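For the sequence shown, the numbering used here gives the first residue as 2, with consecutive numbering after it.
Contents: one structure, followed by commentary.
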Amino acid sequence: MTEERFDLEADREGRFRFRTDPAELQRRWRITREAMRREGYDCLLLWAGSRVFGGAQKYLTDLQYTVYPHVTLFSQEGIAVVGHGAYGGKAYGDFACCPEITENISVPYLPSICYTDDFPAEEIGRIIQKQGIRRVGIVAMNHFPAGIYAYLREALPKLEIANASGMMDRIQAVKSPYELSLCKKTVRLHDDLMAAVPTILRAGMTERELCLRIRHLADEMFCGECVVLAGAHPRFPDGNLYLYSNHTIRRGDCVYLLIELAGPGGMWAELGRTFSMGEPSREMQRVWADAVRLENDLAARCKPGVSAREMFGACNRWLEAGGYQPERKFFAHGQGYDIVARPIFDEGERMTFEENMYLSIHPRCQNGEAAAICMDNFVVTREGAKRLSVTPQELVTIEY
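If you want it as structure tokens, here you go:
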């Protein structure tokens, strides 16, 4: 019997199907390390503990968060990963590790087991001391474990710890041509799924059943993560959380469907449309037309140098002038490896638009008679934000 030789490189390619282009990773590392030098960071600490947030670690490592969390130390010397597993093992298999991984360490840590809280922190502290690191920047401070933060404060009192979130927000907000190609592929997936809805949606099915059909299709299309919300109501349709989407869809309802996918490669997009189970009311048609008009008017104003904060005020002036309820929280935002990223359209945002920022815009028009949201994906250009979604901005009637 001939012994077959194990081909590690082939195994890597076969298992990790959607790897980031090496040249793109090199670009990200270069611009991030340049920013770190400008702002005086010896390394960054990034936590992976969510499937929809914490995208900076994916951005820099190409590691996809699984079930158990991991922490990444990104320095001028390389990338170290500490995650769940056996003592002396590897947090991630060889096939899933990007180039420049200098240490790949596993410890039997779980956030639900309190006596393991220090296990990853001890390894991080050891790496920091070995590399002579004096100042670290934590990315997404509210996402980072308090236990690891407290350990570093106590065990390494001379270590300066700062918040590097703003720096990484600015780096990730402007997409490279390669990243925009991933964004466009994800947007196309949304368009394809939304095009299938009229063949699926029927009176008598529940909102949950509609969501499950879409989720199943998305999974077959290699979407890494999937959020699908549906809500049916004669006048005020809105996306319901999955556990509450138990209403039976009836004739006379309007059904709002929100599809949010992280496509192959990890970039998020989102698309929202309303379907009328039978002829929609005149008021619903009018409100829908206004929602489309508002979305497109706001997109046209998203030019380089304009602030996202300014768009928040412009939207509410538009809504109030039309007799609609003003927005009380952000209604548009950046996206990428995070389902929601900066810039967000909010009074607290200080970021201004730049070319190749990637946005989702979805203001809600609601009065006492009807409500509608039109949601699409855009990229900022010199002439304003250009719509990437190709799904028609129509209120679709389901007659059968």
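Idealized CB from N, CA, C, for every residue including glycine.
This one's a predicted model, so the numbers in the text were calculated from it and none came from an experiment.
Beta carbon of V381 nearer than 8 Å to that of M358
Counting from 1 along the sequence shown, the entry for residue 381 is found at position 380. Counting from 1 along the sequence shown, the entry for residue 358 is found at position 357. A contact, by the Cβ cut-off of 8 Å.
7 Å CB neighbourhood of A302 in its chain, flanking five on each side removed
Along the sequence shown, one-based indexing puts residue 302 at 301. The sequence shown places Arg at residue 302, not Ala. The residues are M312, A315 and G385.
Curious, which full-length beta strand (DSSP E) runs of at least 3 residues does the stretch 86-130 contain?
102-108
Which residues DSSP lists as bridging T421, in chain order:
Any property of residue 421 remains undetermined from this structure, which presents the chain solely from 2 to 401.
Identify, in the order they occur along the chain, each residue of the same chain with its Cβ nearer than 8 Å to the Cβ of H85, setting aside the five sequence neighbours on each side.
Position 84 of the sequence shown, counted from the first residue, corresponds to residue 85. Once the five neighbours on either side are set aside, the close Cβ partners of H85 are Y69, P70, H71, A92, S107, V108, P109, Y110 and L111.
Figure out for me which residue from E261, R252 and T200 has the closest Cα to the Cα of Y243.
Mapped onto the sequence shown, residue 243 falls at position 242. Of E261, R252 and T200, the residue nearest in Cα terms is E261.
Determine the DSSP secondary structure at F346, reduced to helix, strand or coil.
Residue 346 sits at position 345 when you count from the first residue of the sequence shown. It is coil, neither helix nor strand.
Could you give the C-beta distance for A165 and Y42, rounded to a whole number, given that I count them as a contact under 8 Å?
Indexing the sequence shown from 1 puts residue 165 at position 164. Indexing the sequence shown from 1 puts residue 42 at position 41. Yes, A165 and Y42 are in contact; Cβ-Cβ is about 6 Å, under 8 Å.
Taking the straight line between their C-alpha atoms, what separation do you get for R20 and F223?
As a working note, residue 20 is residue 19 in the sequence shown. As a working note, residue 223 is residue 222 in the sequence shown. Between R20 and F223, the C-alpha separation is close to 13 Å.
Sorted by chain position, which residues of the same chain lie with C-beta nearer than 6 Å to V140's C-beta, five sequence neighbours on each side aside?
Within the sequence shown, the letter at position 139 stands for residue 140. Result list for V140: L45, L47, A57, A165, S166 and M169, in chain order.
From N247 to A333, what does the alpha carbon distance come to, in whole angstroms?
The residue labelled residue 247 in the question sits at position 246 within the sequence shown. The residue labelled residue 333 in the question sits at position 332 within the sequence shown. Their backbone Cα atoms lie some 28 Å apart in a straight line.
Is the beta carbon of G79 closer than 8 Å to that of Y66?
Within the sequence shown, the letter at position 65 stands for residue 66. Within the sequence shown, the letter at position 78 stands for residue 79. No.
Does A300 pass the burial test, meaning 16 or more other C-beta atoms within 10 Å, or should it be called exposed?
For the purposes of this step, residue 300 is taken as residue 299 along the sequence shown, with counting starting at 1. Counting Cβ neighbours within 10 Å, A300 comes out buried, since at least 16 surround it.
Decide if T392 is buried, meaning its Cβ has at least 16 other Cβ atoms within 10 Å, or exposed.
Translated into positions along the sequence shown, residue 392 becomes position 391. Buried.
Identify, in the order they occur along the chain, each residue of the same chain with its Cβ nearer than 7 Å to the Cβ of Y116, setting aside the five sequence neighbours on each side.
On the sequence shown, position 115 is the one that residue 116 refers to. If we look at Y116 and ignore the five residues flanking it on each side, it has no Cβ neighbours.
Span separating the alpha-carbon of F331 from that of Q132
As a working note, residue 331 is residue 330 in the sequence shown. As a working note, residue 132 is residue 131 in the sequence shown. Using only the alpha carbons, I get a separation of about 41 Å.
Return the CA-CA distance between E370 and P238, expressed in angstroms with no decimal places.
As a position in the sequence shown, residue 370 is number 369, starting the count at 1. As a position in the sequence shown, residue 238 is number 237, starting the count at 1. Approximately 12 Å between the Cα atoms of the pair.
Answer with buried or exposed for N143, where buried requires no fewer than 16 other C-beta atoms within 10 angstroms of its C-beta.
Against the sequence shown, residue 143 aligns to sequence position 142. Under this definition N143 is an exposed residue.
Does the beta-carbon of G89 have 16 or more other beta-carbons within 10 angstroms, so that it is buried, or is it exposed?
Reading the sequence shown from its first residue, position 88 is the one you call residue 89. Answer is exposed; the Cβ neighbour count stays below 16.
In whole angstroms, what is the alpha-carbon distance linking R6 and E350?
In the sequence shown, residue 6 corresponds to position 5, counting from 1. In the sequence shown, residue 350 corresponds to position 349, counting from 1. Residue confidence is low: R6 scores 41 on pLDDT, short of 50, so the model does not pin down where it sits. No coordinate-derived value is stated.
Enumerate in chain order the residues of its own chain whose CB-to-CB distance from H191 is below 8 Å, with the five nearest sequence positions on each side excluded.
The residue you call residue 191 lines up with position 190 of the sequence shown. Cβ within range, chain order: I260, L262, A270, E271, L272, N378, S390 and T392.
When you compare each of P199, R236, V256 and R251 to G205 by their alpha carbons, which one comes out closest?
Here residue 205 corresponds to residue number 204 of the sequence shown, with the count starting at 1. Of the candidates P199, R236, V256 and R251, the one whose C-alpha sits nearest the C-alpha of G205 is R251.
Which residues in the same chain as K304 place their Cβ atom closer than 6 Å to its Cβ, once the five residues preceding and following it in sequence are excluded?
Counting from one through the sequence shown, the residue named residue 304 turns up at place 303. For K304, where only same-chain residues beyond five positions count, the Cβ hits under 6 Å are G385.
For the beta strand (DSSP E) that C44 lies in, which residues bound it at each end?
Your numbering for residue 44 matches position 43 in the sequence shown. Counting along the chain, the beta strand (DSSP E) containing C44 begins and ends at C44 to A49.
Return helix, strand or coil for N368, following the three-state DSSP convention.
In the sequence shown, counting from the first residue as 1, residue 368 sits at position 367. Three-state DSSP puts N368 in coil, outside helix and strand.
In the DSSP assignment, find the beta strand (DSSP E) that holds E161 and state where it starts and stops.
Taking the first residue of the sequence shown as 1, we reach residue 161 at position 160. Element bounds for E161: E161 to N164.
Output the distance between the C-alpha atoms of E280 and L396, rounded to the nearest integer angstrom.
Counting from one through the sequence shown, the residue named residue 280 turns up at place 279. Counting from one through the sequence shown, the residue named residue 396 turns up at place 395. Spanning the two alpha carbons is a distance of roughly 10 Å.
Could you work out which residue in T33, F276, P100 and P121 is closest to Y49 when comparing CA atoms only?
Here residue 49 is taken as the residue at index 48 of the sequence shown, counted from 1. It is Ala, not Tyr, that sits at residue 49 in the sequence shown. Checking every option, the nearest Cα to that of A49 belongs to P121.
Where the alpha helix (DSSP H) containing N247 begins and where it ends:
The count along the sequence shown starts at 1 and reaches residue 247 at position 246. N247 -> no alpha helix (DSSP H), and no H or E assigned at all.
Taking only the alpha-carbon atoms, compute the straight-line gap between V484 and R135 and give it to the nearest angstrom.
The shown model of the chain, from 2 to 401, leaves out residue 484, and the question about it has no answer.
Give the single residue among D63, A87, V256 and M37 whose Cα lies nearest to the Cα of I399.
On the sequence shown, position 398 is the one that residue 399 refers to. Comparing Cα-Cα distances from I399 to each of D63, A87, V256 and M37, the minimum goes to V256.
Excluding five sequence neighbours on each side, which residues of the same chain lie with their C-beta closer than 6 Å to the C-beta of V288?
As a position in the sequence shown, residue 288 is number 287, starting the count at 1. Cβ neighbours of V288 beyond the five flanking positions: C366, A371 and A373.
Let me know the secondary structure DSSP gives G232 once reduced to three states.
Position 231 of the sequence shown, counting from 1, holds the residue named residue 232. Correct three-state label for G232: strand.
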